[in-house]
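The opening position of the sequence shown corresponds to residue 9 in the working numbering, with each subsequent residue numbered one higher. Working notes, beginning with the structure itself.
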Amino acid sequence: MFREMTRRAFLARLAGGVALTAFAPYAMRMAFAQNATTPDLAPATVPAVQPDPENVLRKTIPSTGGNIPAIGLGSWITFNVGNDTALRDECAAVMAAFLDEGGIMIDSSPMYGSAQDVIGYGLARLGLPKSVFSADKVWISGGDNGPGQISDSLKKWGVAQFDLLQVHNLLSWQDHLPILQRMKADGQLRYVGITTSHGRRSDDLADIMRREPLDFIQITYNPQDRMAEQQLLPLAQDRGIAVIINRPFQGGRLTEYLAGKPVPDFAADIGAQSWAQLILKFIISHPAVTCAIPATTRVNHVRENVRAAHGPMPDAALRARIAKAVAEA
Ligand SMILES: NC(=O)c1ccc[n+]([C@@H]2O[C@H](COP(=O)([O-])OP(=O)(O)OC[C@H]3O[C@@H](n4cnc5c(N)ncnc54)[C@H](OP(=O)(O)O)[C@@H]3O)[C@@H](O)[C@H]2O)c1
């Protein structure tokens, strides 16, 4: 039935469910979260324009010359909703809106509780859209266990193969990277990557980037955490490695802190209507960054986030002003 529905009709039907469950408990989502804060339930401003997927900024993947939209979708905590159908439908509505806006990359991991199953549920409800760029991870000790975990992940997503597999948090990377490279050579995978976050193990990651043939790295970068500017972002540019940015809002702490504070006037010059859009424009305008993957439980937020990839991007001087404005807000 869902194959026959347009995405907009699907979203409209789901919207009713979302309204009813907007204040559902977050217990399941938080079950796997460490040091996470309570999500901000205040409504966000959504620019009053229609989705414009054609005009989403796309950035190049250096290893192939292909390109992807500069905003993707994360799934840690936000999609860890277990078997609750109403919450699963909320996640499906977020995915539907994300695709409707022209987003394609969805990021997950076996570490994110039920998030992979929930993505699989959403993809099935959306009729397995072909546009999705599936980015998952391998997160297990020892290379022997990698292939089994990857096939479990494929079943949960309900896809035949992933576009990108990343070694999560460098765990057993010496074992997993050769397996992923073999899968790529055999045509079972398009891209190979590796992730870290919170600035952890930057030197180790830099060593791996110098030695291994990687398509992607995934790291943390935002106006409040600019450590990646020192080493990893310039190195990625030198080595021709695409960069995915996790924790663009510091896990939500940044947007929570900025909520209610006036957005600087200069934001209008680059078409940013909220702090969230200003932060995302700051991130994706860095020349080394390929895309950012904000996570959200809300349809209005996912639309707002993808729309940050529209219109003018800040130059170096304006990027410095954004960082200063965030620091001084
Ligand atoms: N080592 C790794 O591989 C690693 C580590 C960390 C993260 N990741 C990946 O990166 C993704 C993103 O990081 P994250 O989930 O830690 O945090 P994040 O994206 O920085 O923040 C998520 C929070 O931001 C809020 N938010 C989203 N859009 C908003 C908007 N427009 N306005 C106001 N608030 C907004 C969300 O609340 P609402 O639900 O209310 O919108 C949510 O609580 C993860 O989901 C995961 O896929 C990977």
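The beta carbon of each residue, even a glycine, is placed where N, CA and C say it ideally should be.
Query: Under the DSSP definition of a beta bridge, which residues are partnered with residue 197?; Result: 170
Query: Any idea what DSSP makes of residue 162, helix, strand or coil?; Result: helix
Query: Under 7 angstroms between the Cβ atoms of residue 301 and residue 289?; Result: no
Query: Where do the N-terminal and C-terminal ends of the alpha helix (DSSP H) with residue 103 fall, by residue?; Result: 93-108
Query: Tell me residue 66's beta-bridge partners as DSSP assigns them.; Result: 77
Query: Once DSSP output is grouped into helix, strand and coil, what is the label at residue 269?; Result: coil
Query: Under 6 angstroms: does the beta carbon of residue 257 sit that close to some heavy atom of ligand 1?; Result: yes
Query: Which term fits residue 149, buried or exposed, when burial requires 16 or more other beta carbons within 10 angstroms of its beta carbon?; Result: exposed
Query: Measuring alpha carbon to alpha carbon, tell me which residue in 185, 179 and 180 is nearest residue 172.; Result: 185
Query: Are three or more beta carbon pairs between the segment 242-258 and the segment 325-337 nearer than 8 angstroms?; Result: no
Query: Taking 7 angstroms as the threshold (C-beta atoms), are residue 331 and residue 270 in contact?; Result: no
Query: Count the other CB atoms, across all protein chains shown, that sit within 10 Å of the CB of residue 72; report buried if there are 16 or more and exposed otherwise.; Result: exposed
Query: Do residue 301 and ligand 1 come close, with the Cβ less than 6 angstroms from some heavy atom?; Result: yes
Query: If contacts are defined as beta-carbon pairs under 8 angstroms, then residue 195 and residue 223 qualify, I think. What distance do you get, rounded to the angstrom?; Result: With 8 angstroms as the limit, residue 195 and residue 223 do not qualify as a contact, their Cβ atoms being about 15 angstroms apart.
Query: Ends of the beta strand (DSSP E) at residue 126?; Result: From DSSP, residue 126 is part of no beta strand (DSSP E) but of the alpha helix (DSSP H) over 123-133.
Query: Whose C-beta lies closer than 6 angstroms to the C-beta of residue 143 among residues of the same chain, with five residues either side of it excluded?; Result: 113, 115 and 172
Query: Taking 6 angstroms as the cut-off, is the CB of residue 180 close to at least one heavy atom of ligand 2?; Result: Absence of ligand 2 is noted for the structure shown, with ligand 1 being the only ligands found.
Query: To the nearest angstrom, how far is it from the Cα of residue 280 to the Cα of residue 225?; Result: 27 angstroms
Query: Using the Cα positions of residue 169 and residue 122, report the straight-line distance between them to the nearest angstrom.; Result: 19 angstroms
Query: Report all residues from its chain with a CB closer than 6 angstroms to the CB of residue 130; omit the five preceding and five following residues, and keep chain order.; Result: 99, 100 and 103
Query: Whose CA, out of 283, 215, 313 and 177, lies closest to the CA of residue 265?; Result: 283
Query: Do you know offhand how far residue 178's Cα is from residue 193's?; Result: 21 angstroms
Query: Return the Cβ separation of residue 352 and residue 187 in integer angstroms, given the expectation that the two are a contact with Cβ distance under 8 angstroms.; Result: The structure shown has nothing for residue 352, since the chain only spans 9 to 337.
Query: For residue 333, which residues in the same chain have their Cβ closer than 7 angstroms to its Cβ, ignoring the five residues on either side in sequence?; Result: 272
Query: Would you kindly check if the distance between the Cβ of residue 337 and the Cβ of residue 69 is under 7 angstroms?; Result: no
Query: Under 6 angstroms: does the beta carbon of residue 166 sit that close to some heavy atom of ligand 1?; Result: no
Query: How many Å lie between residue 52 and residue 318 at the Cα?; Result: Bear in mind that the predicted position of residue 52 carries a pLDDT of just 47, short of 50, making it unreliable; the figure below should be weighed with that in mind. Going from the Cα of residue 52 to the Cα of residue 318 covers about 18 angstroms.
Query: Less than 6 angstroms separating the Cβ of residue 115 from some heavy atom of ligand 1?; Result: yes
Query: Restricting to runs no shorter than 4 residues, where is the alpha helix (DSSP H) found entirely within the segment 245-302?; Result: 261-266 and 283-292
Query: I need the DSSP call for residue 330, collapsed to helix, strand or coil.; Result: helix
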